[in-house]
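This note's numbering runs 193 ahead of the 1-based position in the sequence shown.
Glycine included, each C-beta is placed from N, C-alpha and C at the ideal position.
Data block below; observations after.
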Amino acid sequence: MRLVLVFYFAAVAWAQSALDRPSLGMMLDPGGRIRPVFGISGSVTVGDPQGSGVLSVACSREFCLTKTRDAIIFNGQETGAPVGPALFAFRGNSAWIYFPQVRQLAQWQDGQITPVALAITGEVLSLRVPSGGAMEFAVRRDNVTWIVNAQDQAVDSIPTESGPAMLLTDGVLYARAGAAILRRDDGSEIRFPVEGAESFSALGEGYVQVRAGGTSYAIHTARGRERMFQLPESPP
């Protein structure tokens with residue numbers, strides 16, 4: 194109950210602070226705590242660390258979801274979920290969540306989690322639900338990363354071996370050879386210098402958090418506004 198209350202008051206404080214400062218979303222710090230991020234691209238501050246034991250967090254324009262060891266938390270409400278981290282994809286007021294440790298897909302809506310049948314081969318790295326389109330997944334098979342549909346049919350590939358990859362609304366962000374590469378659906382690319390990128394997560398609408406060692410960066414992925422900047426962090 195204490196953890197749930199902490200997240201509830203964090204959400205309230207975040208909403209109130211957003212009245213004074215633009216809110217970019219929520220980041221995950223090295224200590225497994227979430228922190229609200231305020232400001233504009235390249236000039237940000239972060240709020241105090243909140244909660245503990247957070248494994249994954251992701252935010253859309255409408256809301257954020259947090260994954261702890263065995264629960265999804267939204268606005269202070271805790272819903273039981275499979276053990277381990279989670280991957281998220283948002284559409285409107287719903288989210289699809291993939292739990293890698295148990296290879297389970299589920300839909301979240303209004304605090305309820307409903308399992309969804311899925312037969313995808315390989316290691317799922319990311320998922321997305323394009324507006325008006327079918328769900329797609331980035332999967333790694335034998336050191337090759339593919340984009341597949343829900344029928345496990347390949348629709349594209351990503352030139353990355355063992356690095357992270359994250360599907361975006363109009364492209365993909367992937368790590369390769371000391372860079373995070375933003376590739377649009379039209380094939381154009383923008384490279385950001387990041388050595389040793391370990392993970393990507395949806396910090397907020399149009400922003401991706403990149404973890405590389407003990408450092409976190411944010412990449413603004415909005416078309417025409419692309420840039421990368423370092424996020425301030427507290428020690429673990």
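- When the alpha-carbon of Leu258 is set against those of Pro293, Pro275, Asp241 and Trp301, the nearest one is in Trp301.
- Note: Arg254 is not bridge-paired with any residue in the DSSP secondary-structure output.
- Look at Arg416 here: in three-state DSSP terms it is coil, with no helix or strand label.
- In this structure, Arg333 lies near Gly315, with their beta-carbon atoms less than 7 Å apart.
- Using a Cβ-Cβ distance cut-off of 8 Å, the stretch 345-362 and the stretch 215-228 are not in contact, since fewer than three pairs of beta carbons, one from each stretch, lie closer than that value.
- For the 7 Å CB-CB criterion, Ala395 and Cys252 form a contact.
- Just measuring C-alpha positions, the residue of Asp303, Ser350, Ala415 and Ala331 sitting nearest Tyr291 is Ala331.
- The three-state reading of DSSP puts Met220 in strand, counting E and B together.
- In this chain, Pro242 is not harboured by any beta strand (DSSP E), its DSSP state being neither H nor E.
- The beta carbons of Arg228 and Gly240 sit closer together than 7 Å.
- When rounded, the separation of the alpha-carbon atoms in Ile351 and Asp379 is 14 Å.
- Bounds of the beta strand (DSSP E) holding Asp349 are Ala347 to Ile351.
- Looking from the CA of Gln305, the closest CA among Gly326, Gly389, Ser287 and Arg416 belongs to Ser287.
- With at least 16 other beta carbons inside 10 angstroms of its own, Ala279 counts as buried.
- Partner residues in a beta bridge of Ile313, as assigned by DSSP, do not exist.
- Secondary structure of Ala282 (DSSP, three-state): strand.
- A Cβ-Cβ distance of about 5 Å is found for the pair Ser234 and His413, placing them in contact under the 8 Å criterion.
- Under DSSP, Arg334 shares a beta bridge with Val337.
- In chain order, Leu375, Arg376, Arg377 and Asp378 place their CB closer than 7 Å to the CB of Gly364, counting only its own chain and leaving out the 5 sequence neighbours on each side.
- Shortest Cα-Cα distance from Gln270 to any of Ala299, Glu255 and Asp303 involves Asp303.
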